[in-house]
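Numbering (the working numbering), first residue to last: 562 to 1004.
So the structure is just underneath, and the comments pick up after that.
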Ligand SMILES: [Zn+2]
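Take a look at the structure:
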């Protein structure tokens, strides 16, 4: 029998974690942070307590007490990709498990960089498994990674092959047939799996209510091209900010930065972390074209140099959500020798992640920019998550017996249930809405 416990990310978006028990063996999918709660906590306190107990208590990490009876049965921790709401709690919680961490090479490189930054040594071994390959977890359970597209490299759907059938964990993906970095989704394998038979699909339902197909990353590239090469920025400073882990987006930014004949400088620690992780596993070679400046004093020094001739540079900086400590906010707050002036360009290649803290931070930042007279280009972005029509395609391809909406608030799960009902599923029988801590047995 397969038993599923939805540990985190089913009442709200964040701290993703799902445990699957096959008789006496348990596999954990994702061990993520609730980023807003984690950031609020680390900003407010002077002395941090990063113990599992504290992080769970404040809701920043999945509540593992919900699977207390399963903890000693865990044989593997499998994060699907390198985003912190999927891997961010691993450094703090995985010590509770006597199990390996199995993830793609990029997720491994990012995880190792985080562990180094936080000075944490894990006893768990981190094993890299390439997309589109399999690994025998135990004599009865095999894991398979299916290549997917998302807003960070080497994102996979995970298939668990068990004596009781196959389960697919599909958290965070989009169907992008023209990706900018990496391969297309492995549709062929999904169709094969549909023929082989799937017992259960646990699926990213955050945009299941949006009646559309999520546009390709190549659309975001065109949007960037228009703004970067199609507006007159002669004599002006140009600053771009985006998600540091979005290497495909950064690749497009570099491409057009070169067309603008500007020297490209990346400023900020998190950009350094994700770019160097990508270079380590040789999926990118940005530092051939880009100067990477990571640490505070060096950023200040570099900006002093840039201030003398600002229109010769394209600055890629951290701080797209208006984070007060990131480089963009500190430039606007006149903490450096380099200052923005009327007519300079700031491009946000992102959307505002809709929570109160971000909305407020961005509001403050943009208002200061308007006071200076900066030209703001917002929302030069497409999502990394599937929408309703992608989900319909997925369900029709793999034809699972059971469906579980994940990565969502209850209202989003309802949209997924509605879609499932259109496809012949029945609520409570073959499509199941879960909550954090709920368990479901599948035969
Ligand atoms: Zn993600």
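No residue lacks a Cβ here, since even glycine has one placed at the ideal position from N, Cα and C.
Residue i CB to nearest heavy atom of ligand 1 below 7 angstroms
i           : result
residue 712 : yes
residue 733 : yes
residue 644 : yes
residue 822 : no
residue 807 : no
residue 595 : no
residue 647 : yes
residue 945 : yes
Simplified DSSP state of residue i, which is helix, strand or coil
i           : result
residue 722 : strand
residue 781 : helix
residue 736 : coil
residue 652 : helix
residue 675 : helix
residue 760 : strand
residue 848 : helix
residue 879 : coil
residue 963 : strand
residue 637 : strand
residue 569 : strand
residue 874 : strand
residue 669 : helix
residue 754 : helix
residue 841 : helix
residue 625 : helix
residue 891 : helix
Bridge partners - residue i, DSSP secondary structure assignment
i           : result
residue 708 : 717
residue 689 : 664
residue 511 : As displayed, the chain neither begins before 562 nor continues past 1004, which places residue 511 out of reach and without an answer.
residue 695 : 705
residue 730 : 719, 763
residue 590 : 579, 639
residue 799 : 875, 906
Option nearest residue i by Cα separation, candidates the options
i           : options            : result
residue 602 : 617, 590, 684      : 617
residue 592 : 635, 919, 895      : 635
residue 694 : 708, 700, 702, 686 : 708
residue 524 : 861, 834, 858, 700 : What the structure shows of the chain is the stretch from 562 to 1004, and residue 524 is not part of that stretch, so it cannot be assessed.
residue 648 : 700, 579, 585, 584 : 579
residue 584 : 723, 843, 626      : 723
residue 562 : 572, 587, 988, 577 : 587
residue 896 : 842, 934, 857, 650 : 857
residue 658 : 688, 625, 677      : 625
Any non-hydrogen atom of ligand 3 closer than 7 angstroms to residue i Cβ
i           : result
residue 812 : As for ligand 3, it is missing from this structure, which binds only ligand 1.
Evaluate the contact criterion for the stretch 931-938 versus the stretch 758-768: three or more CB pairs, one atom per stretch, below 8 angstroms.
no
For the 8 angstroms Cβ check, are there 3 or more pairs between the stretch 864-883 and the stretch 816-823?
yes
Mind the definition here: the stretch 826-837 touches the stretch 795-806 only if three or more C-beta pairs lie below 8 angstroms; say whether that holds.
yes
Contact between the stretch 642-652 and the stretch 662-682 is defined here as three or more beta-carbon pairs at a separation below 8 angstroms; is this criterion met?
yes
Between the stretch 614-630 and the stretch 676-684, are three or more C-beta pairs nearer than 8 angstroms?
no
Would you call the stretch 786-805 in contact with the stretch 741-755, where contact means no fewer than 3 C-beta pairs closer than 8 angstroms?
no
Would you check if there are 3 or more beta carbon pairs closer than 8 angstroms linking the stretch 965-984 to the stretch 772-787?
no
Spell out a yes or no on whether the stretch 955-970 and the stretch 925-935 are touching, meaning 3 or more CB-CB pairs, one atom from each, closer than 8 angstroms.
no
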